[in-house]
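These notes concern the structure reproduced below.
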Amino acid sequence: MQRYFLEQPFDAQGIVTIDGDDYKHIVKVMRMMPGQEILTVYDEIVSIAIIKEILENQVIVLQQQVFHKTNELPVHVTIACGLPKGDKLDLITQKGTELGMNRLIPLAANRSIVKWDYKKSDKRVERLQKIAKEAAEQCHRNKIPEILPVHTITQLVDYAASFDVKLFADEEDAKSDMPHKIADRLKNVYHKQSIIVVFGPEGGLAREEAGLLQDAGFLPISLGPRILRTETAPLYLLSAMSYEFE
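Below is the structure:
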């Protein structure tokens, strides 16, 4: 059953209207008709709704049944990624959403080859937000991950101050005689805690950036003995978290 995220709740009569891109998807792509059922999500609550009427620019749906089961990771994971080349951030957004990511922060790291034009940053974030929405619908999430504007390392440190657990993927830690394994770092993490994990771009984090993170309470973490691509590393960690907590 197709899933759609609502921009407003059902009214007292159990009715809500759907417009914009979702209207086009229902009418033009799915070619749905009155009487057909869809899944709707508002404020992480999933409902079965029936299409009551299709107007020129709106679909009117009627709530039928409410579900309180959630498909979300029991921990709230924010991923901060150094700006990578090409469309790799699109991939991280899509697959990260499927794996339960709660929030994504593009990071303007020292070794980022790509430099975002801040005048166009809003459009890039809007594109990533759309990718996250489509992926959340496809994999039946109860919420759409939030895509934040690009941060500098200093802004990221300030933003992360209130998180319960702060980690960063460190290639040097992985090379050491006693690397800090994912399982060890997650031993004392509990359900509903907030976690932020920082990943560098191609070439990894600069040592001064790693130092800034450690000074701010971030703990280094090893992703194993092999060097992972910048788009692979966050997905590897999210998969490990899913195994640990789900």
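Its first residue numbered 440, the sequence shown is counted upward by one per residue in my numbering.
We put the CB at the ideal spot given by N, CA and C, even for glycine.
Between residue i and the rest of its own chain, which residues show a CB-CB distance below 6 Å, the 5 nearest in sequence each way excluded?
{"i": "proline 545", "result": "Leu522, Val589"}
{"i": "isoleucine 454", "result": "Leu501"}
{"i": "isoleucine 489", "result": "Glu476, Leu501, Gln503"}
{"i": "histidine 515", "result": "Asn541, Ser633"}
{"i": "threonine 456", "result": "Gln497, Ile499"}
{"i": "leucine 625", "result": "Glu683"}
{"i": "lysine 605", "result": "Ala599, Ile635, Gly656, Phe657"}
{"i": "glycine 639", "result": "Gly521, Ala548"}
{"i": "tryptophan 555", "result": "Val589"}
I need the straight-line Cα distance from residue i to residue j, nearest angstrom please.
{"i": "alanine 679", "j": "alanine 608", "result": "13 Å"}
{"i": "alanine 451", "j": "valine 505", "result": "14 Å"}
{"i": "alanine 575", "j": "glycine 656", "result": "31 Å"}
{"i": "threonine 630", "j": "lysine 491", "result": "A quick correction: the sequence has histidine, not threonine, at residue 630. If I take the Cα positions, the gap works out to 39 Å."}
{"i": "aspartate 623", "j": "isoleucine 666", "result": "20 Å"}
{"i": "leucine 567", "j": "lysine 582", "result": "15 Å"}
{"i": "leucine 587", "j": "lysine 562", "result": "12 Å"}
{"i": "glycine 642", "j": "leucine 677", "result": "21 Å"}
{"i": "glycine 459", "j": "leucine 530", "result": "25 Å"}
{"i": "valine 553", "j": "leucine 528", "result": "11 Å"}
{"i": "alanine 571", "j": "asparagine 627", "result": "29 Å"}
{"i": "arginine 580", "j": "glycine 539", "result": "8 Å"}
{"i": "alanine 649", "j": "glutamate 611", "result": "10 Å"}
{"i": "methionine 471", "j": "glutamate 647", "result": "55 Å"}
{"i": "arginine 442", "j": "phenylalanine 449", "result": "15 Å"}
{"i": "histidine 507", "j": "valine 480", "result": "11 Å"}
{"i": "methionine 440", "j": "proline 673", "result": "29 Å"}
{"i": "glutamine 533", "j": "aspartate 654", "result": "32 Å"}
{"i": "alanine 645", "j": "serine 560", "result": "24 Å"}
Looking at the strands, I want to know which residues DSSP matches up with residue i.
{"i": "glutamate 476", "result": "Ile489"}
{"i": "proline 659", "result": "Phe607"}
{"i": "serine 633", "result": "His515"}
{"i": "glutamate 585", "result": "Arg542"}
{"i": "arginine 550", "result": "Looking at the DSSP assignment, arginine 550 forms no beta bridge with any residue, so it has no partner."}
{"i": "histidine 590", "result": "Leu546"}
My guess is that residue i and residue j are in contact by the Cβ rule of under 8 Å, so how many angstroms apart are they, rounded?
{"i": "arginine 542", "j": "threonine 517", "result": "4 Å"}
{"i": "tyrosine 462", "j": "glutamine 497", "result": "6 Å"}
{"i": "glycine 535", "j": "proline 584", "result": "7 Å"}
{"i": "lysine 633", "j": "phenylalanine 602", "result": "Reading off the sequence shown, one finds serine at residue 633, where the question assumed lysine. Serine 633 to phenylalanine 602, Cβ: 5 Å. Contact."}
{"i": "valine 637", "j": "leucine 595", "result": "7 Å"}
{"i": "leucine 512", "j": "glutamate 685", "result": "7 Å"}
{"i": "alanine 519", "j": "isoleucine 635", "result": "6 Å"}
{"i": "leucine 478", "j": "isoleucine 487", "result": "6 Å"}
Suppose the cutoff is 8 Å on Cβ atoms and the five residues either side in sequence are ignored; what does the same chain contact list for residue i look like?
{"i": "alanine 613", "result": "Ser661, Leu662, Gly663, Pro664"}
{"i": "glutamate 537", "result": "Ala574, Gln577, Cys578"}
{"i": "valine 466", "result": "Ile493, Val498"}
Quick one: does residue i have its CB under 8 Å from some CB of chain D?
{"i": "aspartate 556", "result": "Judged by its chain identifiers, the structure shown contains no chain D, having just a single protein chain."}
Identify, in the order they occur along the chain, each residue of the same chain with its Cβ nearer than 7 Å to the Cβ of residue i, setting aside the five sequence neighbours on each side.
{"i": "leucine 651", "result": "Ile592, Val596"}
{"i": "proline 473", "result": "Ile490, Lys491, Glu492, Ile493"}
{"i": "glutamine 447", "result": "Val455"}
{"i": "glutamate 670", "result": "Pro523, Lys527, Leu530, Ile531"}
Open item on the list: Check whether the segment 617-633 and the segment 657-665 are in contact - that is, three or more C-beta pairs closer than 8 Å.
Closed with: yes
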